[in-house]
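The listed protein sequences derive, respectively, from chains V and D.
Heads up, the numbering used here is the position in the first sequence plus 8, with the first residue counted as 1.
Heads up, the numbering used here is the position in the second sequence plus 25, with the first residue counted as 1.
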Amino acid sequence: MSNITVFTAREIITMNPSQPEAHAIAVRDGRILAVGSLEDAAAWGDYQLNTQFADQVIMPGLVEGHSHVMQGTLWHFPYLGYFDRTGPDGKLWSGLASIDAVVDALCVFEQQMTNPNEPLFAWGFDPIYFGGTRMVLEHLDRVSSTRPIMILHSNGHLANTNRVLLERAGIDKDTQVEGILKDSHGKPTGELQEFAALYFGYAIAGDAYHLASEAPSSLWNFAYSAQLAGVTTATDLYNEVSDATLTTFQQVSSESNFPIRLVSALTGTGIDPQQGIEKLHKLTPLSQENLKFGIVKLFADGSIQGLTGRLRWPGYYNGAENGIWVTAPEQLEEQILAYHQAGFQLHIHTNGDEAIQVALDALEKTLQLHPRPNHRHTLQHCQMPDRAQLKRMATLGLCANMFSNHLYYWGDVHYQQTMGPDRSCRMDPVASAIREGVAVAIHSDAPVTPIGPLFTAWCAVNRQTASGRILGSSECISVAQALHAITLGAAYTLHMDQDIGSIEVGKWADFTVLADNPLTTDPSKLKDIPILNTVLGGKVTQTKDL
Amino acid sequence: MAKAINLTVLGGFLGAGKTTFINQILSQNSLHNLAILVNDFGKINIDAQLIRHQSDEVIELANGCICCSIGDSLTRTLIDLKRRPIPPEHLIIEASGVANPLKIAQLGMAGNDYALDGILVMADAETLEQQLLDQYVGSTVERQLAAADLILLNKCDLVSPEAQQKLLKSLTRQYPKTPVLPSQKGAMPTKLLVNLSSRTQSFETQKSTTYTPIHSAEDQHELLFDRFSFTSPLAFKEEPFKYWLQQLPSSILRVKGLIYLAGHSDDSYLVQKVGARWTLKESIPWGKQAAQTQLVMLGLAGQCDDEQFQAELSEILNN
């Protein structure tokens, strides 16, 4: 049997400017051997013809440059979000449009649970679309008055609980803690906000979640979610990489049916840079075809929708006080210098323009002291840069991986509350970044928003909020630019564009199979193009067994 | 139900001396059943002879104390700590240099797992003024100081006495209810931090009210403090006692003791005060021991009017 496989397709978008279109691809040893007509592909000798995509469109495998394996942990539990979301098994979880709908759905899950003492944990709850109505204890008491219930909001910083949980945690009307919300009669409503309050929820109802976070099934779930979204390379952009995690990553990613390549970035927050550097020196040589190390993830500020992003004057549109530093500017500078000098690549979480400024100052100083060509340090999220900052980024050789999904999911909140009508036009300004010469990618930050590069591309192309408002039409990019951002663009930020991101000879044979050609589809329908399959290293990936 | 773990949150901006302070506590070897959660585990430096066992994330000392790395998830670390076969009696959490310690401390203000003892915030005498003016971190440092029950103005050896006085004055003006304690090299008596009257300290049963100011120096740090103990077989009325607690001057750093409250002859009440923060709650039954109030106070040397305290307490008792 020949070791060459030739795939044919109705159309092939190669993303290779020298040869933008093709109809056949020959693959050998997991890599692309030939691209062109069937005749061109056949020139390398005996081959097996695979025509299963003959009526479909093949493009380079999509690259998710900012996501988290935690998405796979959450899929062990019921999803309660306002928007539809597809599970790792392909099941469509329909969005729940009211608190009653959430309660009804929870009742169904509750009835399926066999152990009467087991807490019910669920996630993705998103009440910001319910016109100000908040969930209270009575809602969740309708689900169970004997079993503790904790439902995590989509932002991960808030939760709701039922009465049993509060009782077990020892929380009552006498409790005086900022994050434990109370009604006008002084009784707790069951809503828990931020770290200290959430502790009580996790202490009673979080065991299953913590257990799942260490299970190999989390990584499998994550990989299948990515696969269904057409992703062939995905990042886990913040991980301590404990010995147990490393073993799981190595074992799972080397399984022959693992459907993605995983890029893991080491957490650089809360760890001495020298220790982090030692760890990266240990991890980087362990990289293999489906698992890559060598990136450190640093943090500057919080998030803009959480009002914790650091903004320059005039600050938040609703007058909220400035956000927080996750890492103090001087400490961030030390971290940047240390990891840069050690030769590793930096991905730095920056949302607000003040956080971007601090990161740019530190990076510029570092690069003056220790110039290094082709470092590709990347500002992650990079939601509020102005043009001067983008010009600096271009000069310094920095990349931007922007959070375009925000435009849809929180765009209305940014317009009305956080940034206002003017500055929200420049949120995630991908067009300006391209104009100023910054290498760009766009991302989902799953589980914060669902993984799905085509949807992310649709956001960057249309800049439409959930309510239908267009935020800054002059920052819209073309479909071709968006496709670049979710393939070669993202691959570039991961130092992987040598191997993935386009269909050209020598690269890994990673493809995404679509029902239609995005370049000739109405741009407003980009997100609706069916994703049919992925191919990883020349092998058609298998979906999760149901 | 298991006893709540006493919680101290240690805050302060980068360079304030938190790690030095923690290393000192662990090296003093005088505390038992203490756990400390730290951010930068690599900087913990303890005499090897004191260590019983050490892994990547936990150091266990021979005296039963443990020091753990906070790691990825503080929540997870806290849940695990509470579930240890023998949970610690006291926990110190080192907040990160940019964290608002109040956000962590709230954990000890609700529920049954942790009981907040106090928030100690360290400040660097040499750089504090500059930090407060910094366009990026000024508000962060301000929020930390505002959250403090006790401010430790550290590195006073690095500034002139005049500069130290000026800083103390401006901090006191800004945070009038919060005691500010000058310090060098993070030195502070651990009893101020953790346990003013540890369980092992025995009070002899007193037949009458006694009041003992102690100006003796147990070690060099003690020179900074005046210490008072007060015992009485008489019962305190709850409201006047609470009022007295609240109005104590900020020169009183700490109050701790068992209170005999009128109408509660079976159970003792535990009082704890750190700076302006105080709690009074039901504690162990008196049992065979006769009910008696046993109170210890620690204040800034030379700034406490012990006669006044004595008069005040006696007045409450005799009314």
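No residue lacks a Cβ here, since even glycine has one placed at the ideal position from N, Cα and C.
Who are residue i's beta bridge partners in DSSP?
{"i": "V71 (chain V)", "result": "V:T241"}
{"i": "D56 (chain V)", "result": "Asp is not the amino acid found at residue 56 (chain V); the sequence shown has Gln there. Note: Q56 (chain V) sits in a beta bridge opposite V:T13."}
{"i": "Y139 (chain D)", "result": "D:I30"}
{"i": "K547 (chain V)", "result": "V:L544"}
{"i": "H352 (chain D)", "result": "Residue 352 (chain D) lies beyond the stretch modelled for chain D, which goes from 26 to 344, so this question has no answer here."}
{"i": "G44 (chain V)", "result": "V:A32"}
{"i": "T94 (chain V)", "result": "V:L100"}
{"i": "V304 (chain V)", "result": "V:L274, V:L354"}
{"i": "T520 (chain V)", "result": "V:M67, V:T542"}
{"i": "I129 (chain D)", "result": "None; I129 (chain D) has no bridge partner."}
{"i": "G36 (chain D)", "result": "D:V146"}
{"i": "I117 (chain D)", "result": "D:T33, D:I61"}
{"i": "H78 (chain D)", "result": "D:E85"}
{"i": "F250 (chain D)", "result": "D:L325"}
{"i": "S557 (chain V)", "result": "No answer is possible for residue 557 (chain V): the residues shown for chain V start at 9 and end at 554."}
{"i": "S94 (chain D)", "result": "D:V63"}
{"i": "E299 (chain V)", "result": "Reading off the sequence, residue 299 (chain V) comes out as Leu, not Glu. In the DSSP output, where bridge partners are listed per residue, L299 (chain V) has V:L270, V:Q296."}
Among the options, whose alpha-carbon lies nearest the alpha-carbon of residue i?
{"i": "V14 (chain V)", "options": "V:I33, V:I21, V:I20, V:N24", "result": "V:I33"}
{"i": "Y325 (chain V)", "options": "V:K373, V:G428, V:T529, V:W131", "result": "V:G428"}
{"i": "R142 (chain V)", "options": "V:M121, V:P156, V:N168, V:L160", "result": "V:N168"}
{"i": "L286 (chain D)", "options": "D:A315, D:V166, D:S254", "result": "D:A315"}
{"i": "S7 (chain V)", "options": "V:C115, V:Y87, V:I20", "result": "No information on residue 7 (chain V) is available, as it lies outside the stretch 9 to 554 that chain V covers here."}
{"i": "S275 (chain D)", "options": "D:F266, D:P265, D:D251, D:L325", "result": "D:L325"}
{"i": "L204 (chain D)", "options": "D:P113, D:N48, D:F250", "result": "For the record, residue 204 (chain D) in the displayed sequence is Pro; it is not Leu. Of D:P113, D:N48, D:F250, the residue nearest in Cα terms is D:F250."}
{"i": "Y128 (chain D)", "options": "V:Q201, V:G132, V:M121, V:R155", "result": "Rather than Tyr, the amino acid found at residue 128 (chain D) in this sequence is Lys. Ranking V:Q201, V:G132, V:M121, V:R155 by Cα distance to K128 (chain D) puts V:Q201 first."}
{"i": "N58 (chain D)", "options": "D:T45, D:L32, D:V296, D:I71", "result": "D:L32"}
{"i": "K313 (chain D)", "options": "D:S290, D:F266, D:A130", "result": "D:S290"}
{"i": "E263 (chain D)", "options": "D:S257, D:L323, D:I284", "result": "D:I284"}
{"i": "L104 (chain V)", "options": "V:Q79, V:P135, V:L82", "result": "V:P135"}
{"i": "H383 (chain V)", "options": "V:I459, V:V249, V:H355", "result": "V:H355"}
{"i": "M147 (chain D)", "options": "D:P126, D:L141, D:P201, D:Q160", "result": "D:P126"}
{"i": "R279 (chain D)", "options": "D:E187, D:D149, D:L62, D:V296", "result": "D:V296"}
{"i": "G545 (chain V)", "options": "V:M392, V:R380, V:T358, V:N265", "result": "V:N265"}
{"i": "W131 (chain V)", "options": "V:T520, V:G276, V:V456", "result": "V:V456"}
{"i": "Y246 (chain V)", "options": "V:F301, V:A231, V:G198", "result": "V:F301"}
{"i": "L561 (chain V)", "options": "V:G278, V:C484, V:D63", "result": "Residue 561 (chain V) is absent from the model: chain V starts at 9 and stops at 554."}
{"i": "P5 (chain V)", "options": "V:G198, V:Q235, V:E263, V:L189", "result": "This structure leaves residue 5 (chain V) out entirely; chain V is present only between 9 and 554."}
{"i": "F138 (chain V)", "options": "V:R93, V:D108, V:I478, V:E297", "result": "V:D108"}
{"i": "T255 (chain V)", "options": "V:F230, V:S295, V:A216, V:Y217", "result": "V:S295"}
> In the segment 362-423 of chain V, which residue ranges form an unbroken beta strand (DSSP E) of at least 3 residues, counting only runs that do not cross its ends?
Replying inline: 386-389, 407-410
> If contact means a Cβ-Cβ distance below 7 Å, which residues of the segment 69-91 of chain D contact chain V?
Replying inline: none
> Taking a cut of 9 Å between CB atoms, which residues from the segment 326-343 of chain V lie near chain D?
Replying inline: E329, N330, I332, W333, V334, T335, A336, P337, E338, Q339
>> Tell me which residues of the segment 137-165 of chain D have at least one Cβ-Cβ distance to chain V shorter than 7 Å, keeping chain order.
In response: Taking 7 Å as the cut-off between beta carbons, the residues of the segment 137-165 of chain D near chain V are N137, D138, Y161, V162, S164, T165, in sequence order.
> Which residues, in order along the segment 44-69 of chain D, keep a beta-carbon less than 9 Å from a beta-carbon of chain V?
Replying inline: N64, D65, F66, G67, K68
>> Give me the subset of the segment 174-188 of chain V whose CB atoms are less than 7 Å from a CB atom of chain D, sorted by chain position.
In response: A177, G178, I179, T183, Q184, V185, E186, G187, I188
> Taking the runs of the beta strand (DSSP E) that are 3 residues or longer, which of them lie wholly in the segment 124-189 of chain V?
Replying inline: 128-133, 157-161, 166-169
> In the segment 459-507 of chain V, which residue ranges form an unbroken beta strand (DSSP E) of at least 3 residues, counting only runs that do not cross its ends?
Replying inline: none
> Taking contact to mean at least 3 C-beta pairs separated by less than 8 Å, is the segment 416-434 of chain V in contact with the segment 44-55 of chain V?
Replying inline: no
>> Under 8 Å: do the segment 52-72 of chain V and the segment 124-133 of chain V share three or more Cβ pairs, one atom per stretch?
In response: With a cut-off of 8 Å, the segment 124-133 of chain V and the segment 52-72 of chain V do not count as touching, because too few Cβ pairs lie within range.
> Any residues in the segment 312-342 of chain D with a beta carbon nearer than 7 Å to a beta carbon of chain V? Which ones, in chain order?
Replying inline: Here the close residues number zero.
> Which ranges would you report for the beta strand (DSSP E) in the segment 225-281 of chain V if only whole runs of at least 3 residues count?
Replying inline: As far as the segment 225-281 of chain V is concerned, its whole beta strand (DSSP E) runs of at least 3 residues are 239-247, 269-275.
>> What are the residues in the segment 197-212 of chain V lying within 8 Å of chain D by C-beta distance?
In response: E202, F203, A204, A205, L206, Y207, F208, Y210, A211
>> What ranges does the alpha helix (DSSP H) occupy inside the segment 192-226 of chain V, keeping only unbroken runs of at least 4 residues that lie completely in it?
In response: Runs of alpha helix (DSSP H) with 4 or more residues, each lying fully within the segment 192-226 of chain V, are found at 202-213, 215-221, listed in chain order.
>> To test your reading of the DSSP string, which unbroken alpha helix (DSSP H) runs of 4 or more residues are found completely within the segment 152-201 of chain D?
In response: Every alpha helix (DSSP H) of 4 residues or more that sits fully in the segment 152-201 of chain D is shown, in chain order, as 153-158, 163-172, 186-199.
> Which ranges would you report for the alpha helix (DSSP H) in the segment 324-360 of chain V if only whole runs of at least 4 residues count?
Replying inline: 337-349
>> Closer than 9 Å between beta carbons: that is the criterion. Which residues of the segment 266-279 of chain V meet it against chain D?
In response: T275, T277, G278, I279
>> Suppose only complete runs of 4+ residues qualify. What are the alpha helix (DSSP H) ranges in the segment 436-462 of chain V, listed by chain order?
In response: 438-443
> If you scan the segment 262-320 of chain D from start to end, which runs of the beta strand (DSSP E) of 3 or more residues do you find wholly inside it?
Replying inline: 277-284, 292-299, 302-310
>> Against chain D, which members of the segment 211-229 of chain V pass a CB distance test of less than 8 Å?
In response: A211, G214, H218
>> Under 8 Å, CB to CB, which of the residues in the segment 355-375 of chain V have a partner in chain D?
In response: With the criterion set as a beta carbon lying under 8 Å from some beta carbon of chain D, the members of the segment 355-375 of chain V are E362, V366, in sequence order.
> Any residues in the segment 235-266 of chain V with a beta carbon nearer than 7 Å to a beta carbon of chain D? Which ones, in chain order?
Replying inline: E248
> If contact means a Cβ-Cβ distance below 8 Å, which residues of the segment 472-491 of chain V contact chain D?
Replying inline: The residues in question: there are none.
>> Taking contact to mean 3 or more Cβ pairs, one atom from each stretch, closer than 8 Å, check whether the segment 394-408 of chain V and the segment 459-468 of chain V are in contact.
In response: Segments in contact, no.
>> Any contact between the segment 137-156 of chain V and the segment 168-183 of chain V? By contact I mean 3 or more CB pairs, one from each, below 8 Å.
In response: yes
>> Quick check: the segment 500-510 of chain V against the segment 222-241 of chain V, are at least 3 beta-carbon pairs closer than 8 Å?
In response: yes
> Given a limit of 9 Å on CB to CB distance, which residues of the segment 119-138 of chain D reach chain V?
Replying inline: Going along the segment 119-138 of chain D in chain order, one finds S121, G122, V123, A124, N125, L127, K128, I129, A130, Q131, L132, G133, M134, A135, G136, N137, D138 with a Cβ nearer than 9 Å to chain V.
> Are the segment 70-77 of chain V and the segment 491-504 of chain V touching by the rule of at least three beta carbon pairs closer than 8 Å?
Replying inline: yes
>> Check whether the segment 302-322 of chain V and the segment 356-365 of chain V touch, using three or more Cβ-Cβ pairs below 8 Å as the test.
In response: yes
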